[in-house]
Amino acid sequence: MLNKLHDRLGLRTNPVIFFSSALFIIVFTLLMMIFPTAMSDGIGVISDFIITYLGWVYTLGIAIFFFFLIYMAMSRFGRIKIGDDDAEPEYSGIAWFGMLFAAGVGAVLLFWGAAEPITHYANPPYDGVEPQSDQAALEALAIANWHIGLGVWIILTIPALAFGYFTYKRKLPPRVSSIFQPLLGDRIHGPIGKTIDSVAIVSTVFGIAVSVGLGALQINSGMGIMYGVPLGGWIQAAIVAVITAAGITSVLMGMDKGVKRLSYINILLAISLMIFILMTGATRFVTLGTIESAGYFLQKLPVMMLFNDAFADTGWIGSWTVFYWAWTVTWAPFVGLFIAKISQGRTIRQFVVGVLAAPTTFTLMWVGVFGLSAFNIERNENGTLVQTVVEEGDIPAALFEFLGHFPLYQLVAAVTLVVITIFFITSIDSAALVMDAIANGHEDPAPKKQGIFWAASIGVVSASILVAAGDNGLTALQNVIIVIGFPVWLIGFMQMWMLVRALREDAGELPPMRTRQWKQVIPIEEYHRRAQEDFSSIEEVTIRPEYELGTEPEFEGLVPNTGQIPVVTAEDIAEDAAAKKAASKPAEEQGTHTAVVTGDLPATDIDPKK
Numbered sequence: 001m002l003n004k005l006h007d008r009l010g011l012r013t014n015p016v017i018f019f020s021s022a023l024f025i026i027v028f029t030l031l032m033m034i035f036p037t038a039m040s041d042g043i044g045v046i047s048d049f050i051i052t053y054l055g056w057v058y059t060l061g062i063a064i065f066f067f068f069l070i071y072m073a074m075s076r077f078g079r080i081k082i083g084d085d086d087a088e089p090e091y092s093g094i095a096w097f098g099m100l101f102a103a104g105v106g107a108v109l110l111f112w113g114a115a116e117p118i119t120h121y122a123n124p125p126y127d128g129v130e131p132q133s134d135q136a137a138l139e140a141l142a143i144a145n146w147h148i149g150l151g152v153w154i155i156l157t158i159p160a161l162a163f164g165y166f167t168y169k170r171k172l173p174p175r176v177s178s179i180f181q182p183l184l185g186d187r188i189h190g191p192i193g194k195t196i197d198s199v200a201i202v203s204t205v206f207g208i209a210v211s212v213g214l215g216a217l218q219i220n221s222g223m224g225i226m227y228g229v230p231l232g233g234w235i236q237a238a239i240v241a242v243i244t245a246a247g248i249t250s251v252l253m254g255m256d257k258g259v260k261r262l263s264y265i266n267i268l269l270a271i272s273l274m275i276f277i278l279m280t281g282a283t284r285f286v287t288l289g290t291i292e293s294a295g296y297f298l299q300k301l302p303v304m305m306l307f308n309d310a311f312a313d314t315g316w317i318g319s320w321t322v323f324y325w326a327w328t329v330t331w332a333p334f335v336g337l338f339i340a341k342i343s344q345g346r347t348i349r350q351f352v353v354g355v356l357a358a359p360t361t362f363t364l365m366w367v368g369v370f371g372l373s374a375f376n377i378e379r380n381e382n383g384t385l386v387q388t389v390v391e392e393g394d395i396p397a398a399l400f401e402f403l404g405h406f407p408l409y410q411l412v413a414a415v416t417l418v419v420i421t422i423f424f425i426t427s428i429d430s431a432a433l434v435m436d437a438i439a440n441g442h443e444d445p446a447p448k449k450q451g452i453f454w455a456a457s458i459g460v461v462s463a464s465i466l467v468a469a470g471d472n473g474l475t476a477l478q479n480v481i482i483v484i485g486f487p488v489w490l491i492g493f494m495q496m497w498m499l500v501r502a503l504r505e506d507a508g509e510l511p512p513m514r515t516r517q518w519k520q521v522i523p524i525e526e527y528h529r530r531a532q533e534d535f536s537s538i539e540e541v542t543i544r545p546e547y548e549l550g551t552e553p554e555f556e557g558l559v560p561n562t563g564q565i566p567v568v569t570a571e572d573i574a575e576d577a578a579a580k581k582a583a584s585k586p587a588e589e590q591g592t593h594t595a596v597v598t599g600d601l602p603a604t605d606i607d608p609k610k
C-alpha cells in the first residue's frame, strides 16, 4: 500500500522511512493544535523527569565524547582519511571553516551571544560568586563559551566523524542506520534500520524547528523594539511562515544557487557585525578581556564539563546545560552529514582538531566581543540589559537592547534582522536536503516536492509549538527538545562503539595502515529503479557492503597483505586459456602421457593402463 501511494505521489524515496516520519510529524502537530494545554503539560512533565533523574547522562556523556575524540585524534586511527586513502581535501582551510560556521551554528551565536553572558553575570550559578562582579564576568564568559562553543562542537563531531567514515569510506547510504552496519549487517536495510532513520529525521525536524522558533522569538522582539510590532504566538507563527516560505524557495533554487550563496553572504555580514561592535565599543577592554577569558575558560573546563548543580539543586543545569546538549544532538545528524561531506580527504586527526579548534576559537572571540561589551554597558553606561534579560526574562530582546548602545542603531539592527533571517533560511534549506538524503539513501537529485515537504514540516512544527505555548514559547521549545533529544543522545554512545569497531575491521592490526576500499552502496529500491532505467553505471554500485578484492588489511596471525595486486596482461590471459584448452583434450590427442605439474615437482610419465 505504501509503495502504491509512494508511486502515485511521484516520490523517489524509501516509503517506510518517509511516511512513518511524516505520520509522526503530522500527528504531533495536530495534537499540539487540538490539545495545546494537555500536550504542553505532558511534555513538561516528561522534560522535568529527564532533567531531575537523567540530567547526569548528558553531563557525563559529553565528557566521554570529548575524551573519545581525543583518543581518535591521537591514536593510530588518526592517520586514516575520511574517504578513499588517496582522497584529497576539496576545500581550502579557510573555505572549510567558513562552511563549518554556516552549518546552523551562526544563529546560535546571534541569539545567545549577548543574552547568556549577561544572564550568568547577574545570576552566577556557582556558589560564592558575587553577582555582577569581575569574577562573575569571567564565570559568565566561560559558561557561555562552553555552552555555545566547544560543547556544541564536541556533540556535532561524533556523528560527523561516523557519517564521514561509513558514508565516504565504506560507501554506505547517507543514513544514521549505516553507522550500525558493523553490528546489524544487512539488517540496516530492514525494520531496525528504518526505525533508526525515522528517529533521526524526526529529531532533525524538531531540532531545526526549535531553532526556527527561537529565531522567530528574537525577530519578533527586534521588530517590536524597532517598529512597535506586538509580541504573540500568532505573530511569531507568521514570522515562521515567512522564513519557511523563503527556505522552500531556496530548496527550489538548489544547493549552489540557494544555500551556498546565502551562507557566504551571511558569514560576511556576521563577521562584519562583530568587528563593528569591537571597533565602536570599548575596544581595549574587550580585547584584553577576550584574551583573559580564553585562559579562564581552559582553566574552568573540567569543572563546567561535569557540573551537575548537586548541592544547590536550583534547576539551573536543566534550563541551560541539559537544554543545550539535547538541542544540539537533535540537529547533529543534519550538521554531521554536512560536515562529513565537506571534510572528505582530511585525516581523522585533521578532522577532529579542525572541527573542535576552529569554531571554538571563533566562539571565544564572538562571546568575548559581545559579552564584554555587554558588561561594559552595564557598568559604565547605565545599561538595561540585566533588567531586560534577567528581571523581565526577555532573552529574545537582549541582542536588540544591546545594539541600542552603539552608533547607527536603526541600520545595524535592520541588518541584524536580515542576518538572523538568512541563518534560519539556510538552516531549513540544508536540513531539508539532508533529511531527504537520509530518507532516500543516496545524495543524487530527488524530486523537489520531497525537499519542500521536509522544509514545510519544520515550519509547521515550530509554528504549532509557539501558538500552543502562547507567552511561554521559550519554555515550551526547551521542554520539547529535551524530550526528543534524549533517545538521540543515547545513539551517540552507539556511534562511538560502531566507529571503533569499523576502524579495527578495516585498518587491521599491523602497520602499514591501509584500509579496505569499499564499493558504493545504494538502497535496494533505488538499485531496482536504476536497473529498470538502464543506468550505465549500475555495475559500479551494490546493494550490500562489499569491498574491492586485494584491499584487505593486515591482522595478527594472518599472512600480511603486501598491498600489491598482480597485474594481469593480455598475454597472461592467452597463455592461461591455451593451457586450459590443452589440459581438456583426451590423452590420445595430446600424443603423450606426460602430466604437466607446476611447481617444484618433476614431470612424471603415467601409464594409462594403470
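Reminder that position 582 of the sequence shown reads as 582 in the UniProt record's numbering, one-by-one numbering, no gaps.
Backbone N, C-alpha and C define an ideal beta-carbon position, used for all residues, glycine too.
Query                                                                                                                                                                         : Result
Trp327 and Gly224 - do their beta-carbons sit closer together than 8 Å?                                                                                                       : no
Where Ile70 and Arg79 are concerned, what is the direct C-alpha to C-alpha distance, given to the nearest angstrom?                                                           : 13 Å
Beta-carbon within less than 8 Å of Ile481's beta-carbon, same chain only, minus the 5 sequence neighbours each way: which residues are those?                                : Phe206, Gly207, Val210, Phe323, Ala326, Trp327 and Thr330
Is it the case that the Cβ atoms of Ala142 and Ser293 are separated by a distance below 8 Å?                                                                                  : yes
Residues in its own chain within less than 7 Å of Ser40 by CB, not counting five upstream and five downstream?                                                                : Ala468, Ala469 and Ala476
Beta carbon of Ser466, beta carbon of Gly213: below 8 Å?                                                                                                                      : The amino acid at residue 466 is misidentified as Ser; the sequence shows Leu. For Leu466 and Gly213, yes; Cβs fall inside 8 Å.
Less than 8 Å separating the beta-carbons of Pro445 and Leu172?                                                                                                               : no
If we count the other Cβ atoms within 10 Å of its Cβ and call it buried at 16 or more, is His189 buried or exposed?                                                           : buried
Excluding the five sequence neighbours on either side, which residues of its own chain have a C-beta within less than 8 Å of the C-beta of Glu378, listed in chain order?     : Ile118, Tyr121, Gln132, Leu385 and Val386
Going by the CB atoms, is the gap between Thr204 and Met435 shorter than 8 Å?                                                                                                 : yes
Out of Ala398, Trp454 and Lys449, which has the shortest C-alpha to C-alpha gap to Gly215?                                                                                    : Ala398
Which residue from Leu433, Met274 and Phe351 puts its Cα closest to that of Phe370?                                                                                           : Met274
By Cβ distance, which residues of its chain are closer than 6 Å to Leu150, with the 5 residues on each side in sequence left out?                                             : Thr360
By DSSP, does Lys171 sit in helix, in strand, or in coil?                                                                                                                     : coil
Between Ile348 and Ala160, is the Cβ-Cβ spacing less than 8 Å?                                                                                                                : no
Using a Cβ-Cβ cutoff of less than 7 Å, which residues in the same chain neighbour Ser537 once the five nearest sequence positions on both sides are dropped?                  : none
Buried or exposed: where does His147 fall if 16 or more other Cβ atoms within 10 Å of its Cβ makes it buried?                                                                 : buried
Please report the Cβ distance between residue 634 and Gln218, rounded to the nearest whole angstrom; I am assuming they are in contact, meaning their Cβ atoms lie under 8 Å. : Examination of residue 634 is not possible in this model, given that the chain is present from 1 through 610 alone.
Would you kindly report the start and end of the unbroken alpha helix (DSSP H) that includes Thr13?                                                                           : Premise fails: Thr13 is in no alpha helix (DSSP H) and is neither H nor E.
Would you report the Cα separation of Thr59 and Arg529, rounded to the nearest angstrom?                                                                                      : 46 Å
Around the C-beta of Leu262, are 16 or more other C-beta atoms found within 10 angstroms, so that it is buried, or is it exposed?                                             : buried
In three-state terms, what does DSSP make of Trp518?                                                                                                                          : strand
Report the rounded CA-to-CA distance for Leu231 versus Glu505, giving the unit in angstroms.                                                                                  : 56 Å
Around the Cβ of Gly128, are there at least 16 other Cβ atoms within 10 angstroms (buried) or fewer (exposed)?                                                                : exposed
Run through DSSP, which three-state label would Tyr91 get?                                                                                                                    : coil
Any idea what DSSP makes of Tyr547, helix, strand or coil?                                                                                                                    : strand
State buried or exposed for Lys169, treating a residue as buried only when at least 16 other CB atoms are found within 10 Å of its CB.                                        : buried
Ignoring anything shorter than 4 residues, give me the alpha helix (DSSP H) runs that lie fully in the stretch 145-211, in order along the chain.                             : 151-168 and 181-184
Are Val57 and Trp489 closer than 8 Å when you measure CB to CB?                                                                                                               : yes
Going by DSSP, which residues form a beta bridge with Val541?                                                                                                                 : Gln520
Using the DSSP secondary-structure output, state which residues sit across from Thr384 in a beta bridge.                                                                      : Per DSSP, none; premise fails for Thr384.
Which of the three DSSP states, helix, strand or coil, is assigned to Thr347?                                                                                                 : strand
Where do the ends of the alpha helix (DSSP H) carrying Pro302 lie?                                                                                                            : Thr283 to Leu306
Distance, Cα to Cα, Ile46 vs Leu54?                                                                                                                                           : 11 Å
Rounded to a whole number of angstroms, what is the C-alpha to C-alpha distance between Ala414 and Met498?                                                                    : 47 Å
Look at the Cβ atom of Leu403, then the Cβ atom of Thr416, and state whether they are nearer than 8 Å.                                                                        : yes
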